[in-house]
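In what follows, a single structure is set out as structure tokens and then discussed.
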Amino acid sequence: MKKNAILASAIASLCTSALFAAPAQAEDVVRLGNLKFAHYGAVSYMKEVCAKYNIKLEERMFPKGPDIMPAIVANEIDIAALASDGAISGRANGVPIYTVAGFAKGGARLVAGSETGISKVADLKGKKVGVTRGGAQELLLYAELEKHGLTWSDKPGKDVQIVFLAFADLNQALAAKQIDAMCQSEPQSSQALNKKFGVEISKPYDTAMGEPYRLLVMTEKLYGNKDLAQRTMECFVESTALFIRDPALAEKYVREQMFKGQISSQDFKDAMDNADYTYDVTPEHIDITTDFMQKYGVGRMSKPPKAAEWVKLDLLQKAKADLKVE
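Here it is, written out as structure tokens:
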């Protein structure tokens, strides 16, 4: 009887513990706005890592960076990956974001049609050049044209006629000879070379702006939730570190998951020979980019922001220290 009483007591205790045990903590949802480019892959890979940080990352792809800004204003996106000019323009026009990291640099190329005879920037005089409005490539193109003494407009009459097209349409327009050249992102520019309808003019990094950085931005609301913001940043740093250490993982994920087999191994390798995954960006680079945007009228900024007002790298610095990442 005594044994039965002890057993009954133990069972009752277990039942009571189960009844009052805290339920499993639900994952925090963080909504990511991203773009479909090779050098955006580590940000996309955060979906595979964030469960470790008790985060469910929900990714939404956009055609170009500036398209993410209305979604942030509508409280549909919490963090976003985009070129620096798109982020700068958003902040200048009141979108409540902070730059919290850089995630890639490079990733642009000037490409001419293979039968145009164009081999250098000066040869673009009298030609039509395609570019996506509001992307880093637009700013890089203008800086290159100015460096070589060329004028430009989207109307006839200047040295170079600009033709604004979506990223997805630029390669097709070049292949169909509707434009003579393009300033395009990766891996699309590498695809143009590998499919032989394009030839490289240059990698447009030889102006004061240098290589363009892509920015990871966070809403002021998420940044204010320090615990969740820090876990999100640690997820980003770990994901990026994995891609940097393991190029085979990066290639497999980008080719199979992001592009669903639509780019070749050579496309990916060539794209990443012209881009780097990173964590960092400097306020100085953002200020230089802002000055170029104001100079060329890119982004329609009502009030150009100073980097000191909206670049917040404290989360990144702590995450890198916690994860022992250089």
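Just add 19 to wherever you are in the sequence shown, counting from 1, and you've got my numbering. Every residue gets a Cβ at the ideal spot worked out from N, C-alpha and C, and that includes glycine.
Asked: Closest by CA to ALA162, which one among ARG50, GLY229, HIS58?; Found: GLY229
Asked: Report yes if the C-beta distance between PRO206 and ILE87 is below 8 Å; otherwise report no.; Found: no
Asked: Closer than 6 Å by C-beta to ALA99: which residues in its own chain qualify, once you throw out the five before and the five after it? Chain order, please.; Found: GLY52, ILE87, VAL236
Asked: If I measure Cβ to Cβ from LYS124 and keep anything under 6 Å in the same chain, skipping five residues before and after, which residues do I get?; Found: GLU230, TYR232, ASP295, THR297
Asked: Using three-state DSSP, classify ARG110 as helix, strand or coil.; Found: helix
Asked: Report, in whole angstroms, the separation of the C-beta atoms of GLN156 and VAL150, which I expect to be a contact under 8 Å.; Found: 5 Å
Asked: Could you check whether THR308 and SER103 sit closer than 8 Å to each other, using their CB atoms as the reference points?; Found: yes
Asked: Which class does GLN180 belong to by DSSP, given the choice of helix, strand or coil?; Found: strand
Asked: Is the Cβ-Cβ distance between LYS331 and VAL119 less than 8 Å?; Found: yes
Asked: Is the CB-CB distance between LEU234 and VAL317 below 8 Å?; Found: no
Asked: Do the CB positions of ALA260 and ALA57 come within less than 8 Å of each other?; Found: no
Asked: Suppose you measure from the CA of ALA187 to the CA of ALA340; what does that come to, to the nearest Å?; Found: 39 Å
Asked: Per DSSP, what kind of secondary structure is LYS4 in: helix, strand or coil?; Found: Beyond the ends of the chain as shown, which are 20 and 345, falls residue 4; an answer cannot be given.
Asked: To which residues of the same chain is PRO2 closer than 7 Å at the C-beta, ignoring the five residues directly before and after it?; Found: What the structure shows of the chain is the stretch from 20 to 345, and residue 2 is not part of that stretch, so it cannot be assessed.
Asked: Would you mind working out which of SER321, ARG152, GLY121, VAL62 sits nearest ARG79, comparing C-alpha positions?; Found: VAL62
Asked: Closest to GLN203 by C-alpha separation, out of HIS167, LYS83, GLN313, would be which residue?; Found: LYS83
Asked: Can you say whether LEU342 is buried or exposed, counting buried as having 16 or more other CB atoms within 10 angstroms of its CB?; Found: exposed
Asked: Per DSSP, which one or two residues make a beta bridge with ASP47?; Found: ILE74
Asked: Count the other C-beta atoms from every protein chain shown that fall within 10 angstroms of the C-beta of PHE39, then say buried if there are 16 or more, exposed otherwise.; Found: A caution first: PHE39 carries a pLDDT of 47, below 50, which makes its placement in the model too unreliable to give a value.
Asked: Using 8 Å for Cβ pairs, my map puts ILE74 next to GLU46. What's the rounded Cβ distance?; Found: 6 Å
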